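Beneath this line is the structure, given in structure tokens, with notes to follow.
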Amino acid sequence: MIKVGLIGTGGISRNHQAAWLKLKDAEPQAEIIGVADLVAERAQEAATRLGISRWTTNYLELLDWADVTAVDICTTENTHAQIAMDAAMRGKHILVEKPLTTTLSDADHLLEVVSKYGVSLMPAHTHRFYDYSRSAKNTIDSGEIGTPIYLRYCSGGGFWRQDWSGNRISPVETGGNVLTNGVHIADLANWWLGAKPISVYAQGRNLTSSHLEMYDYFIMTIKYDNNATAVIEMSRANMPRSNSFMSINVLGTEGEITSGTEHNSQRLHGDDGFKFVGPDYQHGFDREIRAFANALEHQEPPPVTGAAARLAVAMCLAAERSIQTGEVIILGKDF
Ligand SMILES: NC(=O)c1ccc[n+]([C@@H]2O[C@H](COP(=O)([O-])OP(=O)(O)OC[C@H]3O[C@@H](n4cnc5c(N)ncnc54)[C@H](O)[C@@H]3O)[C@@H](O)[C@H]2O)c1
């Protein structure tokens, strides 16, 4: 049985908890045996929800619990690197929320430590585990659309609060909107297109977030080494408020995949923000966490690699730089 220490019991951690609970009586068997959060009430509440007694406000204490074999890191973005390195150095396998890190030097350092201590690392790129993304990937891999050469992924609408007052919306802590949200789709584009990104050009606006220097809306154009192009458009706090929508096209030399809102989760918008309707949002987390547990159980490499997550971080940092300079950023050795 895989014994997990969960670090970070805020928003997304609840989806992870729900997924781990499903594995308790399933295959492979896994369970959370302790939790850590800086906020004592949050850690305690999660422990109660999980039916366990061990909780702490100090994740290093959790890492010292000898029976913990793996950690699931659901903390704020800029804490991932240090926590993951501390876990690796204690021989714990690691599932870490996206983005892998908020800087490339942190990513490089983390990957070195993971390799040195020989633990498994799986960055939690949830979009690889949704039905819509897997069916598109299967279709692409089957050759049915020929070589994919153009991807347009538009994810619009505003589900963050209009004043950007959410507890984790801070460019310093999250690395910025382009990184923390763009990284999902940058990774997905690489996975779907199966080519190497060579340059990034991006534009952004920060109408609703000017006080934070965050880009509420951005568009990122990625060029690949096989001449494929990906255009990623995203917003998270549109003004005026609008319904959220997704529109996806993958154009190949012999066919096209279209996908979007009607194929994915549905979102219900109100004055208090939004909520997902239906079970669809959770199924990506369930599959992601089962994939991590499966890899550990069978001592196989996890399906998402540290190198892939590092590349997605690099692309989003390049996009940030492009927005600021107005230039096309070549993904050379600095990236
Ligand atoms: N996969 C997805 O679809 C998805 C969606 C939302 C968020 N996320 C990612 O999940 C992570 C967490 O985001 P969130 O929205 O849950 O944020 P959150 O602020 O709701 O939760 C983060 C929690 O981590 C705790 N924390 C921070 N530093 C800590 C430390 N050093 N030790 C212990 N606890 C610590 C905080 O107290 C908080 O409870 C981020 O990396 C975010 O990008 C992923």
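With the numbering used here as the guide, the letters of the sequence shown map in order to residues -12 to 322. Idealized CB from N, CA, C, for every residue including glycine. Since the model is a prediction, treat every value here as computed from it, not as a measurement.
Could you tell me how far apart the beta carbons of residue i and residue j are, in whole angstroms, since I believe they sit closer than 8 Å?
i, j, result
"alanine 111", "leucine 82", "6 Å"
Any heavy atom of ligand 1 within a distance shorter than 7 Å of the CB on residue i?
i, result
"serine 345", "Here the chain has residues from -12 to 322 only, and residue 345 is not among them."
"valine 159", "no"
"glycine -2", "yes"
"aspartate 203", "no"
"tyrosine 117", "no"
"glutamate 84", "yes"
"alanine 23", "yes"
"arginine 29", "yes"
"alanine 296", "no"
"tyrosine 46", "yes"
"isoleucine 172", "no"
"alanine 323", "Shown here, the chain extends from -12 to 322; a query on residue 323 therefore has no answer."
"cysteine 61", "yes"
"valine 315", "no"
"threonine 88", "no"
"glycine -5", "yes"
"threonine 66", "yes"
"valine 218", "no"
"valine 26", "yes"
Is it true that the CB of residue j sits closer than 8 Å to the CB of residue i?
i, j, result
"alanine 34", "tryptophan 42", "yes"
"valine 337", "valine 218", "Residue 337 cannot be examined here, being either before or after the span of the chain that is shown, -12 to 322."
"alanine 57", "lysine 79", "yes"
"threonine 208", "threonine 195", "no"
"serine 309", "tyrosine 137", "no"
"alanine 295", "asparagine 177", "yes"
"threonine 63", "alanine 30", "no"
"leucine 8", "cysteine 61", "no"
"glycine 271", "threonine 167", "no"
How would you call residue i, buried or exposed, if buried means at least 16 neighbouring beta carbons within 10 angstroms?
i, result
"isoleucine 172", "buried"
"glutamate 28", "exposed"
"glutamate 14", "exposed"
"histidine 67", "buried"
"isoleucine 317", "exposed"
"proline 158", "buried"
"serine 122", "exposed"
"leucine 108", "buried"
"leucine 47", "exposed"
"asparagine 125", "exposed"
"aspartate 128", "exposed"
"histidine 3", "buried"
"alanine 280", "buried"
"glycine 162", "buried"
"aspartate 273", "buried"
"threonine 197", "Here residue 197 is serine; the residue named in the question, threonine, does not match the sequence. Serine 197 should be labelled exposed."
"threonine 88", "buried"
"asparagine 45", "exposed"
Mind pulling the beta strand (DSSP E) runs of 3 or more residues that sit fully within the region 158 to 240?
-> 184 to 192, 204 to 211, 216 to 222, 232 to 239
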